[in-house]
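Asks: In this note's numbering, the protein residues as written are 3 to 437.
My structure is below; once you've seen it, I'll send some questions.
Laid out in C-alpha cells, this is it:
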C-alpha cells in the first residue's frame, strides 16, 4: 500500500527566499530516506534538503533558479505507508531532516580570466571521470574561465559546488598576486608569501584532499587566531568526589539508563560560572561606529566533537534550563550525529561559550582557540591521580587540568582568574552549584 505525499522545505533556520541552485531528482527517480532532493544556497552556505522517506518521485514542483522558504512545495513522492517514519511530522522536523551545510560561500570579484588560467594548477588527472557539477555551477565556472576538471569537488557524493570554483579562483589569485613585503602600516599583517616548495624534489610524497570540514574549520581557526588577542589561564581542580559521584550515578542507573559524562558536569558548571561572570557570555558588536558589548541572557554551550572528517562544534541549547542527565543525553546524540555527518545548521549555531575536552584522549594541557564570535573557550585534558598533601600525609587525588582562553579586548586577567577559580570551586564541590 502506498500514498502520494507532497514534500515541503523544512525549517532552515533564519534563512528565507533562498535560491535553488540544483534539483537533484526528476520524476520517476527512486529515493531513499535522507537522500538529497535539491540544493539551496544562502550568502553563507549551501545546504541539501533530504528526503523525509523512501519512495518514487511523481512530480517536481520547483526548478533551478526558483526561490523557496520554509513550507515551499518541492515535489510529490509516492511512498509506501510502512516506509515512512512512524511520525511523519517528527520525521520532517529540523532535527530529523539534519540539513547538511556545505562550505561557506563568499562574493568573488571580477578578475582577468587569462590571469586565472595562467596561474591555475595543472590537473592531477584530466583523463578521469567527468566532474559531477550542476549546470549553474558549470556556467559559473565558464564565466570565470575555470576548467572544472581542475577543481577539487567537496560536495556530497563528489558533487562540485559553487564554493569549490570560488576557492579555486581565490587560490589562483593568491599565486598571481603575492606582493613583496612592504613597510609596516597599522592594521596590516605584512606577511611574507607562503613558501612554494616542490616537495617531490626531496622524496616520495602523497597528495591527500582535505575534508570539507577541515577546509572550513581551518579558515575559521586561522581568522580567529589572527583577529582575537588570545590569553590562556591554566588551573588544576581536584575532582575526586565529583568523579566518584558520577560513577555512582551510572552504577545506579543500570545498563540502559542515561550515561553521565564528565562533559555534562563541565557544561553545567560552566553555565553557573557564566551567570556569575556575564562578560564571558557575550560578543563584541558595533553600533553607530562604536564598539559595544552584547551580553546574552541565554546559555547555548558548544562542545568540540571529534569526527573522522575533522572537528565540529554542536551546541546544547538553553543548557541553564536542563539537568545534567538531559545534557549528557543530548551531548551523546549530537556527537553521534556529528560522526555520521548529520548535523544541521540549527545544531551548530547560536553558541555563547564552548567547552573543548580532550580528556578521552590524553594530554596535560593546551591553548584552545576561541570560537568567534564568542569571547572565551574552556579546554580540558585528562584527569590524573596525583599525591596531594592533606596536612598530615600525601593522599591520592584525581586532578583535572583546565585551560581558559579569553579575548583580551573584552576580559582582563583578573576577571579571567576569578572565572576559572569559581569554575574550579564548583567542580571540586558540586554542592556549591545549588547556591
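Virtual Cβ for every residue (Gly too), placed ideally from N, Cα, C.
Quantities reported herein were computed from a predicted structural model and do not represent experimental measurements.
Alpha carbon to alpha carbon, what distance is there between residue 373 and residue 293?
Replies: 19 Å
Asks: First and last residue of the beta strand (DSSP E) that includes residue 405?
Replies: 396 to 409
Asks: Could you please give me the residues that DSSP links to residue 81 through a beta bridge?
Replies: For residue 81, which the question treats as bridged, DSSP gives the partners 5.
Asks: Taking the beta strand (DSSP E) that residue 391 falls in, what are its first and last residues?
Replies: 386 to 391
Asks: Near residue 25, which residues of its chain fall below 7 Å by C-beta distance, leaving aside the five closest residues on each side in sequence?
Replies: The residues are 40, 62, 64, 65 and 66.
Asks: Helix or strand or just coil, what does DSSP make of residue 94?
Replies: Low local confidence applies: a pLDDT of 37 at residue 94 is under 50, so the model's placement there is unreliable, and no value is given.
Asks: Alpha carbon to alpha carbon, how far is residue 142 from residue 317? Give it in angstroms, no decimals.
Replies: 35 Å
Asks: If you compare alpha carbons, which of 350, 429, 347 and 344 is closest to residue 385?
Replies: 429
Asks: Taking DSSP as the reference, what is the three-state secondary structure of residue 21?
Replies: strand
Asks: Going along the chain, which unbroken runs of the alpha helix (DSSP H) with 4 or more residues stay wholly within the segment 210 to 256?
Replies: Those alpha helix (DSSP H) runs which fall completely within the segment 210 to 256 and span 4+ residues are 214 to 229 and 242 to 255.
Asks: Going along the chain, which residues of its own chain have a beta-carbon closer than 6 Å to the beta-carbon of residue 57, five neighbours each way excluded?
Replies: 79, 80 and 81
Asks: Going by C-alpha distance, which of 369, 6 and 236 is nearest residue 426?
Replies: Relative to the Cα of residue 426, the nearest Cα in the group 369, 6 and 236 belongs to 236.
Asks: Might you give, ordered along the chain, the residues of its own chain that have their beta carbon closer than 7 Å to the beta carbon of residue 83, omitting 5 neighbours on each side?
Replies: 3, 4 and 5
Asks: In angstroms, rounded to a whole number, what distance separates the CA positions of residue 311 and residue 303?
Replies: 22 Å
Asks: The beta strand (DSSP E) spanning residue 337 covers which residue range?
Replies: Segment 326 to 341 is the alpha helix (DSSP H) holding residue 337; no beta strand (DSSP E) there.
Asks: Have a look at 344, 231 and 147 and flag the residue whose alpha-carbon is nearest the alpha-carbon of residue 170.
Replies: 147
Asks: Please classify residue 289 as buried or exposed, where buried requires at least 16 other C-beta atoms within 10 Å of its C-beta.
Replies: Counting the other Cβ atoms within 10 Å of the Cβ of residue 289 gives fewer than 16, which makes it exposed.
Asks: Taking the beta carbon of residue 71 as the centre, do at least 16 other beta carbons fall within 10 Å, making it buried, or is it exposed?
Replies: exposed
Asks: Have a look at 205, 153 and 164 and flag the residue whose alpha-carbon is nearest the alpha-carbon of residue 211.
Replies: 153
Asks: Going by beta carbon distance, what residues of the same chain come within less than 8 Å of residue 275, once the five residues before and after it are set aside?
Replies: Excluding sequence neighbours, residue 275 sits near 282, 421, 424, 425 and 428.
Asks: Hey, could you find the ends of the beta strand (DSSP E) residue 297 is sitting in?
Replies: In the DSSP assignment, residue 297 falls within the unbroken beta strand (DSSP E) covering 292 to 297.
Asks: Kindly indicate which three-state DSSP category residue 413 falls into: helix, strand or coil?
Replies: coil
Asks: At a cut of 8 Å, does the segment 197 to 204 reach the segment 346 to 363 through at least three beta carbon pairs?
Replies: No contact exists between the segment 197 to 204 and the segment 346 to 363.
Asks: Roughly how many whole angstroms lie between the Cα atoms of residue 9 and residue 432?
Replies: 48 Å
Asks: Would you report the Cα separation of residue 229 and residue 218, rounded to the nearest angstrom?
Replies: Cα-Cα distance, rounded: 17 Å.
Asks: Buried or exposed for residue 50, going by 16 or more other Cβ atoms inside 10 Å?
Replies: buried
Asks: Taking only three categories from DSSP, how would you classify residue 135?
Replies: strand
Asks: Tell me where the alpha helix (DSSP H) around residue 273 begins and ends.
Replies: Per DSSP, the unbroken alpha helix (DSSP H) holding residue 273 starts and ends at 264 to 278.
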